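*Asks:* I have a structure here, written as structure tokens, and I will follow up with some questions on it.
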Amino acid sequence: MQRYERIDGGKTTLAILLGETGAPQLLHFGARLSDGADLAEIASALRSGLRESTPDHPVPPALYPTCGFGWMGEPAISGAHEGGDGALDWAHCSARREGERLVIALSDTRTGIHVELTYAINPGSGVLSAQARIANRGEHTFRLQQAASLCLPLPSWATHVLGFSGDWSREGQAIRTALDTGVWSQTNRTGRTGFGGATLVAIDANTSDDAGRAIAVHLAWSGNHSLGIETLPDGQRMATAGAHLAPGEVDLAPGGMFETPVAYAGYSDAGFNGISDAFHPFVRTQILPANAKAVRRVHFNSWEAAYFDFDESSLIDLARAAAGLGVERFVLDDGWFAGRRDDTSSLGDWRVDRDRFADGLAPLIDEVHALGMDFGLWVEPEMVSPDSDLYRTHPDWCVQAPDASRPTMRNQLWLDMAREEVRDHIHGQLDALLSTNAIAYLKWDCNRFLYPAVSEGAPAATRIVRGTYALMDRLKASHPTVEIESCASGGARMDLEILKRASRVWPSDTTDAIERLRIQRWAGLILPPEVIGAHVGPSPNPITGRDLPMAFRARVAMFGHMGVEADPRKLGAEDREILAAHIELYKRHRKLLHTGRHLRWRTDDAAEAWISVSPTADQALLLACRTEVARHAESAPVRIGGLDRATRFRVTLCPPWPKIASRRLHDADGWGDSRTFSGEALSEIGLRLPLADPLTAWLVHLERV
Ligand code: DGJ
6 MQRYERIDGG KTTLAILLGE TGAPQLLHFG ARLSDGADLA EIASALRSGL
56 RESTPDHPVP PALYPTCGFG WMGEPAISGA HEGGDGALDW AHCSARREGE
106 RLVIALSDTR TGIHVELTYA INPGSGVLSA QARIANRGEH TFRLQQAASL
156 CLPLPSWATH VLGFSGDWSR EGQAIRTALD TGVWSQTNRT GRTGFGGATL
206 VAIDANTSDD AGRAIAVHLA WSGNHSLGIE TLPDGQRMAT AGAHLAPGEV
256 DLAPGGMFET PVAYAGYSDA GFNGISDAFH PFVRTQILPA NAKAVRRVHF
306 NSWEAAYFDF DESSLIDLAR AAAGLGVERF VLDDGWFAGR RDDTSSLGDW
356 RVDRDRFADG LAPLIDEVHA LGMDFGLWVE PEMVSPDSDL YRTHPDWCVQ
406 APDASRPTMR NQLWLDMARE EVRDHIHGQL DALLSTNAIA YLKWDCNRFL
456 YPAVSEGAPA ATRIVRGTYA LMDRLKASHP TVEIESCASG GARMDLEILK
506 RASRVWPSDT TDAIERLRIQ RWAGLILPPE VIGAHVGPSP NPITGRDLPM
556 AFRARVAMFG HMGVEADPRK LGAEDREILA AHIELYKRHR KLLHTGRHLR
606 WRTDDAAEAW ISVSPTADQA LLLACRTEVA RHAESAPVRI GGLDRATRFR
656 VTLCPPWPKI ASRRLHDADG WGDSRTFSGE ALSEIGLRLP LADPLTAWLV
706 HLERV
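With the working numbering applied, the sequence shown corresponds to residues 6 to 710, in that order.
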């Protein structure tokens, strides 16, 4: 007998067809179907007849295919029992509801492998979550080779893929590819999400920012992973996302169970902006920890101003200068602990360096508080330096293959977070630090790849990552108000599982605003702007050497969680004034920036606009900028989407105006402070701003008249 199941939420429906046996088939994932939609009719409309040279029982793409019974594509699950044949046959398939969740149970009676697939669609945002639990009820150990979190047969309109690649300070490079027969895949074995942000992929129909359909799939996992899209020779196309398992990493003893990470998928028929429209509210309401809802204070982070070169009094100087700009949180980066003078030592010894801080951190923290700021501190809890007391005492606590070399990266080793005593020890040190100092925020860094991912002689990448989650959870339970930032040499650990614990991410070590336009744009596809740390760096930029105007740097930073990395004492008077004014603007508009819709718009010749629109569509803040000389002197009008079309808006061009305005802005004098336009004209036709010269950045505020 065939049965149909559907779940709905937001603008999305998942509809599936179940038989008594075999994995369920996907009827639809996409636009919400009407309540009375006839799923049997949809199934019959989709059915295909027999073709030559194919199995006698057609094997359509299923939600959790195996190998061995006619599906010739990538399986969702593979593995074998000791001495077994590796074939898995879903002889039983059933469905049940657990609240709003749909649970599908699949079992292979021959081997005793049972799988439960859990699907839910968030009612507000329409984001689908999917997770698999694999249980071994057989009599022998089952060596699990792969287990997808989500397996999604794709509709025929899905012809393109937007994937991401990256490297240190070059995160989030978008790569568009037209799909064809074969496999498109992204695998990451660095033990982190990776610089490329490869846990996210969007499958689309050559979609633009504001038009076209797309499905975005994200694996909420901070470790090794694999995302793939396979197109079979007959045209069937399937997306899969799951943790990447090393051989022998998951051996399920009889009675054992493996739970995959959760994968999320969102659907849009309004371009990539529609993907953000689904994910941003979802992340805000369902993912972020409770304390992430606090006002996003303006940070000062000491790294680019001081690196390892500071003492208590120079930091107090820096704190005073930062407070003078309007900064609200002072974050002391690397170098504050036990003999750490460069990156060659001391990780693992989380006690205050008494040569630098004779009386501990208290005098600095007191001064920071007296200046009206709170205090944050850098840590790298999963790491140990070979030159450290921790390593000298417990040389076996790092991940290592017995009797093999211990290759370092940035002169450090990764602690074995799969072991409870290691977690206990690190927790003890961090707990003491947080209990004896008024620390509001931890910048949690992670500066190497995880290799060899071995714990006590066995492959353990997944368990090590879960150990980090457990450590963070324990620390958050005892210090619930402390906010955590997820940093991994910049943006190598940004995913929705770490963001259940961290309030924000540091998306890149580069603070060059031109690089940040690209990096923040793509991080912002699923992450709301307030989660993306964005600091104003020095000029010339220490990484790229580029000189950029302060207004440009400050405006790009305003569209994230704003902070400052440049040494305020080294800024000229005009730059200091411009920066302070933008910090003030950020404070005035952060409610809009951090609760609104975030829309992107782009021309094909590198003009870029970001628009934050208030939830009631009566106010917006627009950044319109350009990084290269335009091909045409006449700029395209910027369409300001998302506004209430039926009302008029007061449009204010925030000072300072780009220099080009004096020549090119029509009736510059007539603009005065502001002008009014209809919402319809602004969103449908747009506002022509002079935008042809490089390094132009307009900040525009719009408010209902
Ligand atoms: C890498 C981070 O991304 C930087 O911001 C800084 O915190 C350094 N580590 C400190 O070692």
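Glycine is no exception: its CB is placed at the ideal position from the N, C-alpha and C atoms.
These numbers come from a predicted model, not from an experiment.
Taking the continuous alpha helix (DSSP H) assigned at A611, which residues delimit it?
*Replies:* No alpha helix (DSSP H) holds A611; DSSP gives it neither H nor E.
*Asks:* Between which two residues does the beta strand (DSSP E) harbouring G35 extend?
*Replies:* Residues 30 to 36.
*Asks:* Could you tell me if N452 is buried or exposed, where buried requires 16 or more neighbouring beta carbons within 10 angstroms of its beta carbon?
*Replies:* Buried.
*Asks:* Identify, in the order they occur along the chain, each residue of the same chain with its Cβ nearer than 6 Å to the Cβ of A638, setting aside the five sequence neighbours on each side.
*Replies:* Excluding sequence neighbours, A638 sits near A697.
*Asks:* Below 7 Å, is the gap between the Cβ of D450 and the nearest heavy atom of ligand 1?
*Replies:* For ligand 1, at least one heavy atom lies less than 7 Å from the Cβ of D450.
*Asks:* Please classify T212: does DSSP put it in a helix, a strand, or coil?
*Replies:* Coil at T212, not helix or strand.
*Asks:* If you measure from the CB of G279, is any heavy atom of ligand 1 nearer than 7 Å?
*Replies:* Result no, Cβ not under 7 Å from ligand 1.
*Asks:* Less than 7 Å separating the Cβ of F419 from some heavy atom of ligand 1?
*Replies:* Going by the sequence as given, residue 419 is Trp instead of Phe. Outside the cutoff, so no.
*Asks:* Please state whether the Cβ-Cβ distance between L435 and P386 is less than 8 Å.
*Replies:* Result yes, Cβ atoms of L435 and P386 sit closer than 8 Å.
*Asks:* Any heavy atom of ligand 1 inside 7 Å of the beta-carbon of G88?
*Replies:* No; taking the cut-off as 7 Å, the Cβ of G88 has no heavy atom of ligand 1 nearer than that.
*Asks:* Give the secondary structure of R138 by DSSP, where H, G and I count as helix, E and B as strand, and everything else as coil.
*Replies:* Reduced to three states, the DSSP call for R138 is strand.
*Asks:* With 16 as the cutoff for other CB atoms within 10 Å, does D282 come out buried or exposed?
*Replies:* Buried is the call here.
*Asks:* Can the beta-carbon of P699 be found less than 8 Å from the beta-carbon of V634?
*Replies:* Yes, Cβ-Cβ distance for P699 and V634 is below 8 Å.
*Asks:* Taking the alpha carbon of G131 as the point to measure from, which residue in A48, W662, A270 has its own alpha carbon closest?
*Replies:* Of A48, W662, A270, the residue nearest in Cα terms is A270.
*Asks:* Going by alpha carbons, who is nearest to K298 out of I616, T600, A702, F305?
*Replies:* Nearest C-alpha to K298: T600.
*Asks:* Could you tell me the distance, in whole angstroms, from the CA atom of F200 to the CA atom of V541?
*Replies:* If I take the Cα positions, the gap works out to 21 Å.
*Asks:* Around the Cβ of K481, are there at least 16 other Cβ atoms within 10 angstroms (buried) or fewer (exposed)?
*Replies:* K481 comes out buried.
*Asks:* Report the three-state DSSP secondary structure of V427 (helix, strand or coil).
*Replies:* If DSSP states are grouped into helix, strand and coil, V427 belongs with the helices.
*Asks:* Taking the DSSP output, what are the residues bridged to M388?
*Replies:* DSSP output for M388 lists W419 as bridge partner(s).
*Asks:* Here's a check: name, in chain order, each residue in its chain whose Cβ is nearer than 8 Å to the Cβ of D610, leaving out the five neighbours to either side.
*Replies:* Contacts found: E633, A635, R636, H637.
*Asks:* Check for me: the alpha helix (DSSP H) holding G271 runs from which residue to which?
*Replies:* That residue, G271, is in no alpha helix (DSSP H); its beta strand (DSSP E) goes 267 to 273.
*Asks:* Leaving out five residues before and five after N296 in sequence, what residues of the same chain have Cβ atoms less than 8 Å from its Cβ?
*Replies:* Around N296: P485, T486, V487, E488, S508.
*Asks:* Can we say the segment 323 to 336 touches the segment 368 to 381, given the rule of at least three CB pairs closer than 8 Å?
*Replies:* Touching, per the Cβ criterion.
*Asks:* Which term fits N211, buried or exposed, when burial requires 16 or more other beta carbons within 10 angstroms of its beta carbon?
*Replies:* So N211 ends up on the exposed side.
*Asks:* Should W308 be counted as a contact of ligand 1 given a C-beta to heavy atom distance under 7 Å?
*Replies:* Flag set: Cβ of W308 near ligand 1.
*Asks:* Roughly how many angstroms lie between the CA atoms of S619 and L598, to the nearest whole one?
*Replies:* Going by the C-alpha atoms only, they are around 8 Å apart.
*Asks:* If the criterion is Cβ atoms closer than 8 Å, does the pair A3 and K16 meet it?
*Replies:* For residue 3 there is no data in the structure shown, the boundaries of the chain being 6 and 710.
*Asks:* Which residues in the same chain have their Cβ closer than 8 Å to the Cβ of G78, if we skip the five residues on either side of it in sequence?
*Replies:* Once the five neighbours on either side are set aside, the close Cβ partners of G78 are P66, P70, E235, L237, Q241, M243.
*Asks:* At which residues does the alpha helix (DSSP H) containing L184 begin and terminate?
*Replies:* Where L184 is concerned, there is no enclosing alpha helix (DSSP H), given that its DSSP letter is neither H nor E.
*Asks:* Can you give me the C-alpha to C-alpha distance between T473 and E490, rounded to a whole angstrom?
*Replies:* Rounded to whole angstroms, T473 to E490 spans 14 Å at the Cα level.
*Asks:* Contact between the segment 454 to 473 and the segment 191 to 198: three or more CB pairs below 8 Å?
*Replies:* Touching, yes, given that three or more Cβ pairs across the two stretches are closer than 8 Å.
*Asks:* In whole angstroms, what separates the C-alpha of G677 from that of L670?
*Replies:* Rounded to whole angstroms, G677 to L670 spans 12 Å at the Cα level.
*Asks:* Could you spell out the range, first to last residue, of the beta strand (DSSP E) harbouring I109?
*Replies:* Looking at the DSSP string, the run of the beta strand (DSSP E) that includes I109 is 106 to 113.
*Asks:* To the nearest angstrom, how far is it from the Cα of K664 to the Cα of V710?
*Replies:* Rounded to whole angstroms, K664 to V710 spans 28 Å at the Cα level.
*Asks:* Would you mind stating whether G91 and G117 have Cβ atoms separated by less than 8 Å?
*Replies:* Their beta carbons are not under 8 Å apart, which means G91 does not touch G117 by this criterion.
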